[in-house]
Amino acid sequence: MGIVSRLTPIKQFPLLFSYLVPILEQESDIHLEIFGSGGYASVRDLRRTLRPLTGRYRFWGQQQDVRAVYGQLDALLTGLPEKEALGLNVIEAQVCGLPVLAVDAPPFDETVADGLTGWRYTDPRKDGGRDFQRVLCLLREGLDSDPELVKQHLSSFSFQAFVYRVDCLMGAVSVLPEVNHAS
295 MGIVSRLTPI KQFPLLFSYL VPILEQESDI HLEIFGSGGY ASVRDLRRTL
345 RPLTGRYRFW GQQQDVRAVY GQLDALLTGL PEKEALGLNV IEAQVCGLPV
395 LAVDAPPFDE TVADGLTGWR YTDPRKDGGR DFQRVLCLLR EGLDSDPELV
445 KQHLSSFSFQ AFVYRVDCLM GAVSVLPEVN HAS
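In the working numbering, the protein residues as written are 295 to 477.
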């Protein structure tokens, strides 16, 4: 399992792992590969939180060829969702056929098709990580997704889909009444 992300406070990885490490301690076959750069404090805090998993996690720093990284992982783990944008790494991983494990909340409820391109789990702050353990069991079983359904899901993040969304937005904005901002 891996993280492919900038290691910044906004991702909240130390908080996430404060809930997931007790679960991962019970799963001795799971190793964590961490790809991405971050500031000293962010990496220090994450290392401190992961300490109980000594020997089962590695930091690789920023990588130029993320396709090669995704090809070496069995799942991508996202950070906590509150300050997450769409999640380019989530879309990249799914395009590469890599399952994504993400908290069941926006934006991941849009980007990860549960049971199709990965699995969403209950925010571990709500259940202490119990649902994450369920997702680890599903990960071991693997995804058996219909390629057409995966393609359909991912098409909503294509350039053409983006252009369509912008065109619709511009059309809606163009019919709004003009607002006079004069004092």
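From the three backbone atoms N, C-alpha and C, an ideal C-beta is built for every residue, glycine too.
Between which two residues does the beta strand (DSSP E) carrying residue i extend?
i	result
residue 414	412 to 415
residue 365	That residue, residue 365, is in no beta strand (DSSP E); its alpha helix (DSSP H) goes 360 to 366.
residue 326	326 to 329
Considering only DSSP beta bridges, list what residue i is partnered with.
i	result
residue 398	In the DSSP output, where bridge partners are listed per residue, residue 398 has none listed.
May I have the straight-line CA-CA distance separating residue i from residue j, to the nearest angstrom?
i	j	result
residue 473	residue 464	16 Å
residue 372	residue 349	21 Å
residue 475	residue 468	17 Å
residue 356	residue 471	48 Å
residue 453	residue 390	17 Å
residue 386	residue 462	25 Å
residue 329	residue 295	11 Å
residue 388	residue 448	8 Å
residue 341	residue 455	39 Å
If I measure Cβ to Cβ from residue i and keep anything under 7 Å in the same chain, skipping five residues before and after, which residues do I get?
i	result
residue 425	415, 416
residue 321	430
Which residues mark the beginning and the end of the alpha helix (DSSP H) in which residue i is found?
i	result
residue 385	382 to 389
residue 435	424 to 435
residue 456	453 to 468
Beta-carbon within less than 6 Å of residue i's beta-carbon, same chain only, minus the 5 sequence neighbours each way: which residues are those?
i	result
residue 319	346
residue 313	418, 423
Going by other Cβ atoms of all chains shown within 10 Å of its Cβ, with 16 needed for buried, is residue i buried or exposed?
i	result
residue 460	exposed
residue 367	buried
residue 304	exposed
residue 400	exposed
Only counting the same chain, and skipping five residues up and downstream in sequence, which positions put a Cβ closer than 8 Å to that of residue i?
i	result
residue 344	311, 315, 326, 351
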